[in-house]
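Engineer: Structure below; questions to follow.
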Amino acid sequence: MPAFAYEAPATVADAVDLLRRHGADAKVLAGGQSLVPLLNYHLADPRVVVDINDLPLTSVSAVDGRLHLGALVRHHQLGESSEIAARCPVLREAVALIGNVRVRSLGTLGGSLAHADPAAELPMITLALDGRFTLTSASGARTVGAREFFTGPLTTVMRPDELLTEIDVAAPPATGWAIEEIARRAGDFAIVAVTALVSLDAGGRVSQARLAFGGVAPTPVRALAAEDALAGHEPTAERLAGAATLARDALSPQSDAFVSGAYRRHLAGVLTRRALTRAVARART
Amino acid sequence: MKLLINGRTREVEAPAADQTLLGVLRDTLGIFDVKEGCGEGVCGACTVLLDGRPISSCLFLAAAVRGRAIVTVKGLEREGGLHPLQEAFVRHGAVQCGFCTPGMLLTALAFLETNPRPDRDEIRHALEGNLCRCTGYAKIVDAIEAYARNGDDRG
Amino acid sequence: MADATAVESGLRVVGRPIPRHDARDKVAAATAYAADFALPGMLHAFVLRSPYPSAKIVRLDTARALATPGVAAVLTARDVPRNALSTDVPGQTTTVGPLRATLHVLAEGRVRHQGEPVALIAAETLAQARAAAEAVDVEYAPLPAVFSPSEALAPGAPAVHDSGNLLAQWRIARGDLAAGFARAAVVVEGEYVTQFVDSAYLEPESGVAWIDSDGVITIRLSTQVIEHFRDVAEVLDVPQNRVRVIGTYLGGGFGGKEDVTVEVYLGLLALRTGRPVKMVWTRQESLLGRAKRHPYRLRYRTGALSTGEIVAQEIDLLGDSGAYAYLSALVLLYSTVTAAGPYRTPAVSVTARVAYTNNPPTSAMRGFGAMQTVFGYESQMERVARALGLDPVRVRAVNALRKGDTLPVGQVMETHVALPELAARAWEALGTPTSPRAPHVKIGRGLACNFQPYGRIVWLHDWSSAWIGFEMDGSLVVRCGAPDVGGGQASSLVQIASEVLGVPLERIVVHVSDSALTPLSGTTTASRQLYMSGNACLKAARELRAQLLPVAARMLDVAVEALEMVDGEVVATDGRSVSLRNLLAQCARASVPRSHLGVYHAPSGEPVDLHAGAGKVFPDYTFGAHAAEVEVDTETGEVRVLRYAAAHDVGRAINPQSVEGQIQGGAVQGLGYGLMEEVVLEDGINLTTSFASYLIPTAADVPDVEAIVLESGEGLGPFHARGIGEPPIGPPAAAIANAIEAATGARITRLPITAERVARALGLVS
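The listed protein sequences correspond, in order, to chains R, F and Z.
When you line the first sequence up against our numbering, it's residues 1 to 285, in that order.
When you line the second sequence up against our numbering, it's residues 1 to 155, in that order.
When you line the third sequence up against our numbering, it's residues 1 to 766, in that order.
Structure, rendered in structure tokens:
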């Protein structure tokens with residue numbers, strides 16, 4: 001591994017000051033599950049590694065119908081928190097899909113989001129939840145919505161001097177949820193992943209639907225046309241299938257050496273229909 | 001730097017910033033309970049328990065340990081004898097080349113802490129992050145199932 | 001088992017599922033693998049490799065690298081005393097005619113594959129060695145390249161080697177093919193394509209070398225072949241008795257540690273620097289640098305009568321040797337001999353070729369060419385069965401070889417062929433069919449049988465040796481050169497010695513795998529170790545027993561025939577006994593040696609002309625049958641293996657638990673090959689050099705493999721055992737493909753069978 005300086009600031013202010021000073025020469029270390037492999041394989045060469053694990057960014061709280069999550073909330077905590085289970089169970093469902101038990105021991109919500117792998121579960125889910133990300137720097141803090149946050153594969157709007165400190169997501173009541181995913185092997189990154197959130201009104205019609213994908217584009221994406229097609233209507237099998245087709249047809253996933261774009265597109269359609277069906281069933285219970 | 005390993009405090013020179021916990025254990029302390037199989041956190045051969053949770057020591061910077069408790073497979077032994085799960089592995093033929101074995105043992109024990117009566121599928125899912133190339137996993141699952149069924153004293 | 005000979009009974013230790021001595025060490029992490037070792041003053045070594053698949057080395061200047069901090073040596077081709085490694089057959093044998101091929105330790109003027117070693121560095125730390133590697137000034141001029149065997153054999157293709165791109169060719173022709181096809185009620189044609197895969201053992205290549213007292217270059221490493229000390233000596237231009245290889249307990253081998261890996265580099269650097277040197281590959285380096293399994297294009301034309309009886313097989317095999325020959329010609333030979341499967345084939349033609357390309361080199365891997373052909377011949381068998389509306393088990397039974405039948409290559413089957421019984425048992429073991437859990441899910445079952453040679457080619461005059469000796473207190477020492485790859489090679493010897501000499505297992509210590517201190521016993525490859533060193537150990541034990549018993553007979557005043565060695569004593573039929581301790585003391589007084597070296601020579605033969613179909617190639621074969629039940633998601637193409645049974649006739653299971661473990665592990669490795677493993681190459685560049693991209697099965701990807709162990713009592717190994725290391729890896733891919741066809745009607749002919757391949761075969765993706 002290349003030689004670098006190791007810093008372990010105790011406060012957010014100290015952390016962002018380090019980032020201000022070193023900018024792109026610094027890398028933030030949270031869970032290490034994405035960064036350290038890059039260091040081990042000499043694919044990253046920072047001058048400074050800023051270990052933020054001592055920062056007080058681990059809280060989970062509900063305020064005004066939104067769930068506020070510190071960036072250092074670990075994956076396993078997403079699965080163990082009763083607050084999350086009560087208010088945002090889709091996050092809990094994601095945990096079993098993330099990596100393996102060791103990744104879940106240390107990996108963080110903030111780390112996964114900042115890393116922005118387009119096939120990862122948490123970026124996709126925060127997009128479905130219309131998450132808001134708080135980016136803190138030495139010059140202040142700003143909030144960026146999930147739709148603006150992810151800009152490309154492993155790329156976000158974050159500046160080199162910014163630290164992702166908090167994420168808040170809507171915790172709407174009476175929502176059905178489902179995540180569908182296909183990977184090449186158990187525990188791997190998804191080939192295609194879909195998150196569906198469906199709320200029904202008193203008459204059983206869809207009051208709100210959210211569909212987000214991973215693995216089909218350079219960033220996680222929402223299926224806005226499909227969402228609109230569902231809103232206000234009864235979620236019959238035909239309508240769900242129609243929405244799945246709309247969602248699929250809006251995608252043009254790339255091929256890589258392992259999986260073709262055409263197959264990803266096909267999966268997107270199938271998984272959307274399945275996710276919507278399960279989400280609706282949950283919403284009805 | 002102080003490291004708390006298997007209940008004992010070990011003192012080492014402050015590690016280089018880029019040295020991983022795996023590197024400190026093996027290269028500085030000569031603790032070969034942990035193996036390097038991939039350097040990416042995928043294979044599980046470097047597993048240690050950090051405050052009771054399995055982590056990839058190849059992905060953990062040594063400088064970040066901060067005195068937390070580390071357990072390797074040697075920490076499982078009891079009064080110089082093997083832990084009943086280790087005995088179960090031996091008895092059920094769950095060990096062939098043995099490279100994955102320490103990681104399997106630690107992962108299984110951590111899992112059983114919160115899932116004391118798993119079925120075979122649950123055990124397999126719990127071991128999803130520990131690769132084995134020799135056994136096909138069946139006898140590893142046999143050993144863990146037998147240990148979980150018989151409890152701590154017999155294995 | 002109509003013509004099987006009686007299985008020996010009355011065994012006390014052999015045949016019992018005894019926990020292995022090395023298992024206790026391994027659960028306690030007490031086993032020191034090759035990387036778990038360090039010496040004072042040790043340097044760290046690193047190989048600089050070519051990034052290009054085909055290039056001329058225009059400039060190679062090490063001056064800057066030598067000036068890098070901490071560097072002790074930077075070697076290139078000109079620093080290697082004899083820069084050539086001959087790869088004919090590893091181990092203790094001689095050249096075999098046209099099968100000798102050479103590769104350079106370090107590239108000389110030209111590189112032929114990505115990852116080819118160009119320079120070798122030793123430094124105080126690994127980081128410094130890597131920094132020095134980056135400071136080596138090397139300039140490449142890319143050359144034309146070729147990346148498929150068919151392109152390589154086309155006129156005008158760039159020549160990978162001056163000798164041309166056709167490396168080896170084998171042919172078999174027997175019977176009247178045209179007449180056979182004319183009689184056939186059905187003719188099935190198929191083209192099957194298999195992929196490059198990696199051994200992917202958990203323990204990467206590692207070793208430490210130093211110069212020991214008396215100037216012996218000692219290399220302690222993870223290897224399947226300690227006889228490579230000769231290769232090291234050759235390269236270093238030192239006498240062979242000045243190189244010692246100590247083989248550690250391996251963290252897996254699977255053929256990937258059969259060729260030289262790090263030993264030559266370590267020897268060179270230890271000699272050059274005079275200091276201990278360590279080399280441990282990263283996973284990335286291992287995936288990039290080690291030889292792969294030969295991919296094949298397999299073309300079959302199979303003719304059968306309406307009874308299912310095969311009357312004609314026309315087979316064409318084309319393999320990829322990658323840039324260097326390594327063991328390709330022999331792998332091709334295994335493919336050629338097994339191409340028609342374990343079946344009577346009255347008219348058969350096999351044309352097999354392997355070509356050089358600028359892909360990564362291919363070499364030995366579990367199954368060694370007899371594994372890839374299973375995908376061809378068992379896909380064909382299933383398709384024949386379907387075309388005729390016949391039960392798959394029945395079709396295997398109709399065609400199975402029997403003892404006394406002749407293989408296409410002209411070899412007569414001399415031991416029992418349990419194929420029909422194996423097929424029936426594997427199929428039955430699947431139990432009641434599972435019902436589909438949803439309308440879009442289809443369930444199907446597939447059968448695949450195979451045969452795999454065990455023991456090396458008879459022309460190689462294989463032999464093995466083992467030494468057994470008593471200490472004065474009656475404890476026993478076994479010494480044998482056999483490397484232990486994790487399959488219980490060492491503990492089998494302990495079990496055999498315990499059986500014959502009546503010494504309790506805990507009173508036996510075994511030392512293996514040291515070229516200076518243990519009698520050589522050949523490679524742990526070719527499913528030969530239990531057969532060969534097991535027989536050598538058995539011989540040593542029996543001969544030692546025969547040495548000692550007359551002394552005991554005199555002590556007890558009984559006939560030798562009235563004595564038994566059991567529980568650390570020698571006991572007469574009338575119940576009187578003498579302790580081993582007393583016996584050994586008496587032996588000392590009578591100058592009777594209390595140790596013995598046993599040497600076992602395998603039945604050997606002369607090379608045959610395959611085309612004339614005249615002879616014996618392998619000593620014997622192990623037969624198997626696997627059955628799989630799969631679930632196919634007809635909307636996504638995902639395949640899940642629900643149930644899996646694997647049946648093999650092992651002759652005699654020396655340790656049934658070890659045998660089951662081999663079957664289960666081999667089957668899962670075969671499932672990986674069938675479902676997910678692939679070295680993805682793009683113009684010779686390896687895109688799968690990490691465990692994140694090169695996928696091997698996890699515990700959640702495969703079901704329990706039910707291992708069914710048949711003991712026919714016929715086999716050439718100790719107590720009539722047969723080799724079981726390789727056979728289980730052969731059938732899974734075909735069993736899965738057959739099950740998918742049964743479930744959906746779609747026939748997959750390319751490996752690995754990914755969800756996308758199934759989706760496309762189902763017409764889901766345009």
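A virtual CB, placed ideally from N, CA and C, is assigned to each residue, including glycine.
Find out if the Cβ-Cβ distance for the pair R:L91, R:A71 is shorter than 9 Å.
Structural biologist: Contact: no.
Engineer: Specify, as a first and last residue, the run of the beta strand (DSSP E) that Z:S464 falls within.
Structural biologist: First-last of the beta strand (DSSP E) with Z:S464: W463 to F470.
Engineer: Out of Z:F181, Z:H294 and Z:S435, state which residue places its alpha-carbon closest to the alpha-carbon of Z:Q195.
Structural biologist: Ranking Z:F181, Z:H294 and Z:S435 by Cα distance to Z:Q195 puts Z:H294 first.
Engineer: Which residues mark the beginning and the end of the beta strand (DSSP E) in which Z:C480 is found?
Structural biologist: First-last of the beta strand (DSSP E) with Z:C480: L476 to C480.
Engineer: May I ask you to verify whether the segment 325-340 of chain Z touches the segment 179-196 of chain Z, counting CB pairs closer than 8 Å and requiring at least 3?
Structural biologist: Contact between the segment 325-340 of chain Z and the segment 179-196 of chain Z is absent, because fewer than three Cβ pairs lie under 8 Å.
Engineer: Contact check, Z:R24 vs F:V90 under 8 Å by CB: the rounded distance?
Structural biologist: Confirmed, Cβ separation roughly 6 Å.
Engineer: Could you name the residues of the same chain whose beta carbon sits closer than 6 Å to that of Z:R290, not counting the 5 residues immediately before and after it, in chain order?
Structural biologist: Here the set comprises G256.
Engineer: Can you tell me where the beta strand (DSSP E) with Z:F46 in it begins and where it stops?
Structural biologist: Note, Z:F46: beta strand (DSSP E), L43 to R49.
Engineer: Roughly how many whole angstroms lie between the Cα atoms of Z:E258 and Z:I226?
Structural biologist: Their Cα atoms are separated by approximately 9 Å.
Engineer: Would a check of beta-carbon distances place F:C132 closer than 9 Å to chain R?
Structural biologist: Cβ-Cβ to chain R under 9 Å: no for F:C132.
Engineer: Alpha carbon to alpha carbon, how far is R:F4 from R:I84? Give it in angstroms, no decimals.
Structural biologist: Going from the Cα of R:I84 to the Cα of R:F4 covers about 37 Å.
Engineer: Use the C-beta contact count for Z:S515: other C-beta atoms within 10 angstroms, 16 or more gives buried, fewer gives exposed.
Structural biologist: By the 10 Å Cβ count, Z:S515 comes out buried.
Engineer: Determine the contact status of Z:R344 and Z:R402, defining contact as a CB-CB distance below 9 Å.
Structural biologist: Yes.
Engineer: Can you look up R:N100 in the DSSP assignment and give me helix, strand or coil?
Structural biologist: Coil, per DSSP.
Engineer: Throw me the rounded Cβ distance for the F:C134 and Z:G486 pair, which I believe falls under 8 Å.
Structural biologist: So it is a contact: roughly 5 Å between Cβ atoms.
Engineer: How big is the Cα-Cα spacing for Z:S527 and F:V42?
Structural biologist: Rounded to the nearest angstrom, the two C-alpha atoms are 30 Å apart.
Engineer: On the premise that Z:A602 lies in contact with Z:G389, defined as a C-beta separation below 8 Å, what is that separation, rounded to the nearest angstrom?
Structural biologist: Actually they are not in contact, since the Cβ atoms of Z:G389 and Z:A602 sit about 44 Å apart, beyond 8 Å.
Engineer: Could you pull out every residue in the same chain whose Cβ sits closer than 6 Å to the Cβ of F:S56, ignoring the five residues on either side in sequence?
Structural biologist: Around F:S56: G41 and C46.
Engineer: Taking 9 Å as the CB-CB limit, is F:T47 close to chain Z?
Structural biologist: It does not: the Cβ of F:T47 has no partner Cβ on chain Z nearer than 9 Å.
Engineer: State yes or no: is the C-beta of Z:R366 within less than 9 Å of the C-beta of Z:Q669?
Structural biologist: Result yes, Cβ atoms of Z:R366 and Z:Q669 sit closer than 9 Å.
Engineer: Name, going along the chain, the residues of the segment 692-716 of chain Z whose beta-carbon falls closer than 9 Å to a beta-carbon of chain F.
Structural biologist: If the cut-off is 9 Å between Cβ atoms, the segment 692-716 of chain Z has A692, I696, P697, T698, A699, A700, D701, V702, P703, D704, V705, E706 and A707 near chain F.
Engineer: Tell me the start and end of each unbroken alpha helix (DSSP H) in the segment 119-146 of chain Z that is at least 4 residues and wholly inside, in chain order.
Structural biologist: Segments of the alpha helix (DSSP H) lying fully in the segment 119-146 of chain Z: 126-134.
Engineer: Relative to the C-alpha of Z:I121, which residue among Z:M279, Z:A667, Z:D36 and Z:E191 is closest?
Structural biologist: Measuring from the Cα of Z:I121, the nearest candidate turns out to be Z:M279.
Engineer: With DSSP run on the structure shown, which of helix, strand or coil describes Z:V354?
Structural biologist: Strand.
Engineer: Kindly list, in the order they appear in chain Z, the residues whose Cβ is closer than 7 Å to that of R:A116.
Structural biologist: Simply none; closest approach about 17 Å.
Engineer: Starting from Z:Q240 and walking both ways along the beta strand (DSSP E), at which residues does that stretch end?
Structural biologist: Where Z:Q240 is concerned, there is no enclosing beta strand (DSSP E), given that its DSSP letter is neither H nor E.
Engineer: What residue range is occupied by the uninterrupted beta strand (DSSP E) comprising Z:E263?
Structural biologist: From DSSP, Z:E263 is part of no beta strand (DSSP E) but of the alpha helix (DSSP H) over E263 to T273.
Engineer: For a test of the three-state rule: what should DSSP assign to Z:S766, helix, strand or coil?
Structural biologist: Z:S766: coil per DSSP, three-state reduction.
Engineer: With a threshold of 16 other CB atoms inside 10 Å of the CB of Z:N241, please say whether the residue is buried or exposed.
Structural biologist: Exposed, because fewer than 16 other Cβ atoms sit within 10 Å of the Cβ of Z:N241.
Engineer: If you measure beta-carbon to beta-carbon, which residues of the segment 733-765 of chain Z are closer than 8 Å to chain R?
Structural biologist: Listed in sequence order: T754, A755, E756, A759, R760, L764 and V765.
Engineer: Could you spell out the range, first to last residue, of the alpha helix (DSSP H) harbouring Z:N582?
Structural biologist: Looking at the DSSP string, the run of the alpha helix (DSSP H) that includes Z:N582 is L580 to R589.
Engineer: Give, in chain order, every unbroken run of the beta strand (DSSP E) that is at least 3 residues long and sits entirely within the segment 13-74 of chain Z.
Structural biologist: Listed in chain order, the complete beta strand (DSSP E) runs (minimum 3 residues) inside the segment 13-74 of chain Z are 43-49 and 55-61.
Engineer: When DSSP labels each residue in this structure, what does Z:S491 get in the three-state scheme?
Structural biologist: Z:S491 falls in the helix class under three-state DSSP.
Engineer: What would DSSP say about R:D256, mapped onto helix, strand or coil?
Structural biologist: Correct three-state label for R:D256: coil.
Engineer: Interface residues of chain R around Z:T31 at Cβ under 7 Å?
Structural biologist: Chain R residues near Z:T31: none, gap ~23 Å exceeds 7 Å.
Engineer: In the structure shown, what three-state DSSP assignment does Z:D704 receive?
Structural biologist: It is coil, neither helix nor strand.
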